[in-house]
Amino acid sequence: MGPMCPVVREGTPCPDQPLQATIIVWNAERSEKVRTIDTDGQGRFRVALAPGEYYIDPQPPDSGGPPTPIPQTVTVPADRFVQITIEYDSARR
Numbered sequence: 623m624g625p626m627c628p629v630v631r632e633g634t635p636c637p638d639q640p641l642q643a644t645i646i647v648w649n650a651e652r653s654e655k656v657r658t659i660d661t662d663g664q665g666r667f668r669v670a671l672a673p674g675e676y677y678i679d680p681q682p683p684d685s686g687g688p689p690t691p692i693p694q695t696v697t698v699p700a701d702r703f704v705q706i707t708i709e710y711d712s713a714r715r
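What follows is the structure, given as structure tokens:
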């Protein structure tokens, strides 16, 4: 989740922070829910999917407001794993 600081100054680190979240994986057309996954406390998850196109739909936190999840599509090839980064916008500017 980021940005974490309203103003980032050179020499003052302000790294994004991990976020525990629920992720819904849909088929590419978003007509069929394929899986629902809960990440760990560091925001990590692993899921086995058949090769193909998927829509990754991170869910907003239970509080309703920011951070805002940013959905994405991903292509899973037949011969390897894919690593993705799911982003949440903290709305801090």
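According to the numbering used here, the sequence shown is numbered sequentially starting from 623. Quick reminder that beta carbons are idealized off the backbone N, C-alpha and C, glycines included.
Count the other CB atoms, across all protein chains shown, that sit within 10 Å of the CB of residue i; report buried if there are 16 or more and exposed otherwise.
i	result
alanine 643	buried
proline 691	buried
Would you please state the rounded distance, in angstroms, between the beta carbons of residue i and residue j? I believe it to be under 8 Å.
i	j	result
valine 696	isoleucine 706	6 Å
threonine 661	isoleucine 645	7 Å
Helix, strand or coil for residue i, going by three-state DSSP, please let me know.
i	result
proline 717	Any answer about residue 717 is impossible in this case: the structure gives the chain only from 623 up to 715.
arginine 657	strand
glycine 674	strand
glutamine 694	strand
valine 669	coil
Taking 8 Å as the limit between beta carbons, can you name the residues of its chain near residue i, skipping five residues before and five after?
i	result
proline 673	Val698, Pro699, Ala700
glycine 663	Pro640, Gln642
Less than 6 Å between C-beta atoms, sequence neighbours within five positions excluded: which residues of the same chain meet that for residue i?
i	result
tyrosine 710	Met623, Leu641, Pro689, Pro691
leucine 671	Val698
The ligand ZN heavy atoms versus the CB of residue i: any closer than 7 Å?
i	result
alanine 650	With respect to the ligand ZN, the structure shown offers nothing to examine, as it has no ligands at all.
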